[in-house]
């Protein structure tokens, strides 16, 4: 409005001959300086200042507008939540609590399953160790049998090389290994040794086969049990998270049921006031923009008029 008033005064001054004469007299007393140029410079300075102020005011309004939108979105979101809260009923909370109880029981069952799988794996490992120890024992017995047989055969051979003894004479003093076979002929002893070695070898091979089969079977059981335990642990982790989330949900439902209606009314009131204030400020901003546009146009028109050739001619004629 200030610029508009200034522009109108200047236009009125230049529209009257007295105004022109006043400017001419001012020119004569100002050492020949052009008063029109002074006025134009003054108005250009005013125009730049007004543009800077308008820009600053636009930036402030943009921040206010952003605040309005952000606050409005937040309130609308809170109202939606509060509306949902107002629909929460005691039976809804009871249903969630039942779900929680079922989940907790499921977790206990899974823990028991995990313990059973671990115990089964430990039992299978113990059986496997027992089988392996049996193989080692059989292997040890085989070696002892072979050593004893070798020692007995050496003694038998020594008896055979003795010229004072007949090869068909009964065998004596061949060691405790053949203590039940005292008086047997060398041929009989040799046959017994071979049979014992074969029996020992057969028993060892049988235990090796059992041990190998047991190892393969244990690997399968171990793999299955470990996979089962891993699955149980994964399920426990997921259910534990669900339990935590459900507990939080139940607490929130109780809180919303207690204060949801009151909060809903407060948020609706705040939203209505916010919309009213923002709309009023937006209307005021549009009015200000229109007034600023008028001021800027008036200044531009006045500057254009003052810098026009006709205005300069008028000034020179007046001088």
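Numbering (this note's numbering), first residue to last: 57 to 375. For glycine and all other residues, C-beta sits at the position ideal for the given N, C-alpha and C. On a predicted model such as this, the values are computed, not experimentally measured, just so you know.
Each residue's CA atom was taken as its position, placing residue 298 and residue 151 some 15 Å apart. Around the beta carbon of residue 114, a 10 Å sphere encloses fewer than 16 other beta carbons of the protein chains shown; the residue is thus reported as exposed. Within the same chain, Cβ atoms closer than 7 Å to the Cβ of residue 195 are found at 260, the five residues on either side in sequence being excluded.
Close CB contacts of residue 110 within its chain, under the 7 Å cut and outside five residues either way in sequence, are with 348 (chain order). Nearest in C-alpha terms to residue 131, of all of 354, 320, 339 and 355, is 320.
Taking a contact to require three or more Cβ pairs closer than 8 Å, the segment 154 to 164 and the segment 276 to 295 qualify as touching. Straight-line spacing of the CA atoms in residue 335 and residue 102 works out to 31 Å. Taken through DSSP and simplified to helix, strand or coil, residue 144 comes out as coil.
Separation of residue 337 and residue 302 (C-alpha to C-alpha, rounded to the nearest whole angstrom) is 45 Å. Closest option to residue 310, judged by alpha-carbon separation, among 95, 271, 153 and 208: 153. Residue 256 is a Cβ neighbour of residue 202, given a cutoff of 8 Å.
Distance from the CA of residue 95 to the CA of residue 353, rounded to the nearest whole angstrom, comes to 17 Å. The beta carbon of residue 330 sits closer than 8 Å to the beta carbons of 124, 127, 128 and 131 from its chain, once the five residues preceding and following it are set aside; these are given in chain order. Residue 205 is positioned such that its CB atom lies no closer than 8 Å to that of residue 175. CA-to-CA, the gap between residue 345 and residue 107 works out to about 11 Å.
For the pair residue 341 and residue 117, the Cα-to-Cα distance works out to about 8 Å. Burial is judged here by how many other beta carbons sit within 10 angstroms of a residue's own beta carbon; residue 323 has at least 16 and is buried. Contact check for residue 266 and residue 187: beta-carbon distance about 6 Å, within the 8 Å limit, so the pair qualifies. In its chain, beyond the 5 residues on either side, 323 have a beta carbon closer than 6 Å to the beta carbon of residue 134.
Contact check for residue 191 against residue 263 passes: the beta carbons are separated by less than 8 Å. Assigned with DSSP and collapsed to three states, residue 194 falls in helix. Taking C-beta atoms as the reference points, residue 170 and residue 288 count as a pair closer than 8 Å. Annotation for residue 198: 256, 257, 259 and 260 place their beta carbon closer than 8 Å to its own, counting only its chain and skipping 5 residues before and after. Here residue 363 carries a coil assignment [DSSP, helix/strand/coil]. If you draw a straight line from the Cα of residue 173 to the Cα of residue 274, it comes to about 14 Å. Within its own chain, the residues whose Cβ lies closer than 7 Å to the Cβ of residue 120, once the five positions on either side in sequence are excluded, are 337, listed in chain order. Selection 189, 211 and 213 evaluated against residue 271 yields 189 as nearest (Cα-Cα). For residue 144 against residue 312, the beta-carbon gap comes to about 6 Å, under 8 Å, which counts as contact. Under the criterion of beta carbons closer than 8 Å, residue 358 and residue 99 qualify as touching, at roughly 6 Å. The C-beta distance from residue 208 to residue 251 rounds to 13 Å, too long to meet the 8 Å contact threshold. Taking C-alpha positions only, residue 300 is separated from residue 332 by approximately 42 Å. In this structure, residue 159 keeps its C-beta atom at 8 Å or more from the C-beta atom of residue 306.
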